[in-house]
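Everything on this sheet refers to the single structure shown next.
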Amino acid sequence: MSATSPVRSVLPPEIRARKGSAPLVVLTAYSTPVARLVDAHCDIVLVGDSVGMVIYGMPSTLGVTMEMMILHGRAVVRGAQKAMPVIDMPFGSYEEGPAQAFRNAARLMAETGAPAVKLEGGQHMAETIAFLTARGVPVMAHVGLTPQAVNTLGGYKVVGRAEEAEKVMADARAVEEAGAFSVVLEKVPEGLAARITQALSIPTIGIGAGVRCDGQVLVVDDMLGLFTDFRPKFVKRYAELGKAADEAIAAYAAEVRSRAFPAAEHSFPDVVPVKK
0 MSATSPVRSV LPPEIRARKG SAPLVVLTAY STPVARLVDA HCDIVLVGDS
50 VGMVIYGMPS TLGVTMEMMI LHGRAVVRGA QKAMPVIDMP FGSYEEGPAQ
100 AFRNAARLMA ETGAPAVKLE GGQHMAETIA FLTARGVPVM AHVGLTPQAV
150 NTLGGYKVVG RAEEAEKVMA DARAVEEAGA FSVVLEKVPE GLAARITQAL
200 SIPTIGIGAG VRCDGQVLVV DDMLGLFTDF RPKFVKRYAE LGKAADEAIA
250 AYAAEVRSRA FPAAEHSFPD VVPVKK
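In numbering that gives the first Met the number 0, the protein residues as written are 0 to 275.
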């Protein structure tokens with residue numbers, strides 16, 4: 000009899016069933032150590048294409064590749080025992096059509112062990128989402144501000160005010176109907192996000208979309224104060240680890256230059272001391 004890996008305790012159907020109950024807690028992670036930290040407290044750990052900006056210093060997410068998402072996806076899956084990993088599909092890996100999207104989504108899942116993928120887009124991506132879900136690929140959708148379309152949108156602006164509201168609502172309904180198990184609402188006005196949350200039977204996960212969504216997601220480096228190039232309005236800093244790290248590195252550099260480090264307790268003697 001062949002050996003099989005254990006099935007995760009939290010899978011997309013369990014996340015979908017959380018609609019209207021305790022809010023879902025979601026953070027990004029890109030490495031095994033951070034995934035372990037996130038895993039202890041979150042329901043979902045997202046391997047976001049924000050890795051391009053946070054880890055690689057890219058100006059946007061558009062330069063992120065499949066190889067990068069697989070590399071970081073593997074690392075996160077190793078560290079996530081409780082929270083469900085979801086991996087972003089990078090720009091250019093799914094927009095061409097459903098067949099391309101399936102090939103790349105299947106590769107992400109097979110090579111990382113993650114049970115779900117996330118992709119951006121509403122009504123125009125509904126056919127692709129339906130194609131994937133019909134073939135065993137659980138999909139988290141993403142509407143409102145879609146960072147991979149930043150050049151088309153004209154920047155990282157709020158999406159869904161005035162006449163845009165009905166389009167965002169239609170996008171959300173379309174991805175639900177196509178089979179997505181949840182949907183991220185990014186930079187959507189609070190009232191609209193509340194109406195979408197009430198209208199849908201799948202969980203909404205907000206990022207800059209107000210408190211009435213079914214869950215919340217932030218980039219972990221943003222909320223820990225590690226990424227400081229810019230700070231979106233919707234980010235709350237729960238720590239200032241970047242400042243603490245800077246101070247620690249400065250102290251290390253000063254001790255190295257003054258020869259205070261390494262001290263005797265950090266060094267090895269030429270002769271092993273005899274135990275008495």
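Backbone N, C-alpha and C fix where the C-beta goes; we use that ideal spot for every residue, glycine too.
In this structure, the straight-line span from the alpha carbon of Met57 to that of His71 is close to 16 Å. At the C-beta level, Ala173 and Gly121 come within 7 Å of one another. The stretch 11 to 19 makes contact with the stretch 169 to 187, as at least three CB pairs between them are under 8 Å. For His265, there is no enclosing beta strand (DSSP E), as DSSP marks it with neither H nor E.
Judged by DSSP in its simplified three-state form, Pro84 adopts strand.
Pairwise C-beta distances place the stretch 64 to 78 in contact with the stretch 20 to 32, as three or more of them are shorter than 8 Å. In the three-state DSSP reduction, Leu217 falls in the strand class (E or B).
Between the stretch 248 to 263 and the stretch 75 to 93, the count of Cβ pairs shorter than 8 Å is below three; the stretches do not touch. Contact between the stretch 86 to 105 and the stretch 154 to 163 is not established, with fewer than three Cβ pairs separated by less than 8 Å. Taking C-beta atoms as the reference points, Ala177 and Ile128 count as a pair closer than 7 Å. Comparing alpha-carbon positions, the option among Leu152, Asn150, Glu189, Arg194 lying closest to Ala171 turns out to be Arg194.
DSSP places Ile206 inside the beta strand (DSSP E), whose first and last residues are 203 to 206. Around the CB of Gly214, 16 or more other CB atoms lie within 10 Å, so the residue is classed as buried.
A residue is called buried when at least 16 other Cβ atoms come within 10 angstroms of its Cβ; Gln147 meets this threshold and is buried. For Glu95 and Thr64, the gap between their C-alpha atoms comes out near 15 Å. Runs of the alpha helix (DSSP H) spanning 4 or more residues and lying entirely within the stretch 144 to 228 occur at 149 to 152, 164 to 177, 189 to 198, 219 to 222, in chain order.
For Gly241 and Leu36, the gap between their C-alpha atoms comes out near 17 Å.
A distance of 7 Å or more separates the beta carbons of Ala82 and Val50.
For Met139, the pairing in a beta bridge is given by DSSP as Lys117, Ser181.
Put simply, the backbone Cα of Gly207 is about 10 Å away from that of Lys235. Within the DSSP bridge table, the entry for Ile43 names Val25, Met83 as partners.
Membership of Glu13 in the alpha helix (DSSP H) is indicated by the continuous run 11 to 15.
Contact annotation, Val9 with Asp42: C-beta distance approximately 7 Å; criterion of less than 8 Å satisfied. A check of alpha carbon separations from Asp48 across Pro11, Val116, Leu23 identifies Val116 as the nearest. Note on Glu66: under 16 other CB atoms within 10 angstroms of its CB, so exposed under the neighbour-count rule. In this model, Ala98 and Val136 are separated by some 12 Å (Cα to Cα).
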